[in-house]
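K.L.:
My questions will all concern the structure given below.
Numbering (our numbering), first residue to last: 7 to 193.
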């Protein structure tokens with residue numbers, strides 16, 4: 007007969023193996039999605055400043071939100087905005103959930119999954135930090151689903167088939183580092 011301690015060890019071992027398989031599977035798929043690259047805090051704060059105060063009732067979506075750092079920065083100055091972060095990778099998603107719980111934030115919802123399979127039509131604003139090929143793959147979906155007038159701000163990477171309304175160099179930009187330029191789009 008198996009003791010309760012042995013049973014608990016077995017359960018945790020199985021869970022660990024399942025998480026390890028999920029992690030390895032995700033690492034093998036890096037070529038198909040953008041990898042998780044944390045946005046520096048200074049950059050997140052500058053992005054929040056560019057968005058400024060959003061109109062009451064706005065919804066801002068961040069597809070590929072990582073650990074939600076940028077959403078938390080924007081949410082600080084926009085308590086009446088609904089935020090949705092969509093993240094495919096399990097670890098950044100769990101980090102975002104943990105931070106939301108720790109900060110008792112009720113305005114940000116995190117979704118674990120592929121943003122290409124989610125309806126984005128509720129967005130009045132959008133933030134992206136995605137590689138150019140992912141941006142270009144996402145463009146037809148955005149053009150189909152986004153409401154006219156939706157503003158999208160992209161960090162570092164632009165669409166190849168859509169012209170930015172303006173570009174904004176970041177003050178915290180450091181030579182050789184990511185987080186140097188914002189592309190502003192209107193849909």
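Where is the CB? At the ideal position from N, CA and C, for every residue including glycine.
These numbers were taken from a predicted model, which means no experiment stands behind them.
Starting from the C-beta of residue 36, find all residues in its chain whose C-beta is less than 7 Å away, skip the five residues before and the five after it, and write them out in chain order.
P.N.:
Low confidence applies here, because residue 36 scores a pLDDT of 45, under 50, leaving its location unreliable; read the following figure in that light. No residues qualify anywhere along the chain.
K.L.:
Just confirm the distance between the C-beta atoms of residue 57 and residue 131, as a whole number of angstroms; I'd bet it's less than 8 Å.
P.N.:
Going by Cβ atoms, the distance from residue 57 to residue 131 rounds to 7 Å, so yes, they are a contact pair.
K.L.:
Report back the beta-carbon spacing between residue 178 and residue 49 to the nearest angstrom; my notes put them in contact at under 8 Å.
P.N.:
6 Å
K.L.:
Leaving out five residues before and five after residue 99 in sequence, what residues of the same chain have Cβ atoms less than 7 Å from its Cβ?
P.N.:
93, 116 and 118
K.L.:
For residue 196 versus residue 60, is the C-beta spacing smaller than 8 Å?
P.N.:
Since the first residue shown for the chain is 7 and the last is 193, residue 196 is missing from the structure and cannot be characterised.
K.L.:
Just to check my reading of the structure: residue 105 and residue 143 have Cβ atoms closer than 8 Å, yes? What is that Cβ distance to the nearest angstrom?
P.N.:
The pair is not a contact, with the Cβ atoms about 28 Å apart (cut-off 8 Å).
K.L.:
Reducing DSSP to helix, strand and coil, say where residue 157 ends up.
P.N.:
In the displayed model, residue 157 falls within a strand according to three-state DSSP.
K.L.:
Work out the CA separation of residue 11 and residue 192 for me, nearest whole Å.
P.N.:
58 Å
K.L.:
Once you ignore the five residues that flank residue 75 on each side, which residues in its own chain have a CB closer than 8 Å to its CB?
P.N.:
44, 45, 47 and 50
K.L.:
How long is the line joining the alpha carbons of residue 107 and residue 54, rounded to whole angstroms?
P.N.:
21 Å
K.L.:
Quick one: what's got a C-beta closer than 7 Å to residue 121's C-beta in the same chain, skipping five residues either side?
P.N.:
69, 70 and 92
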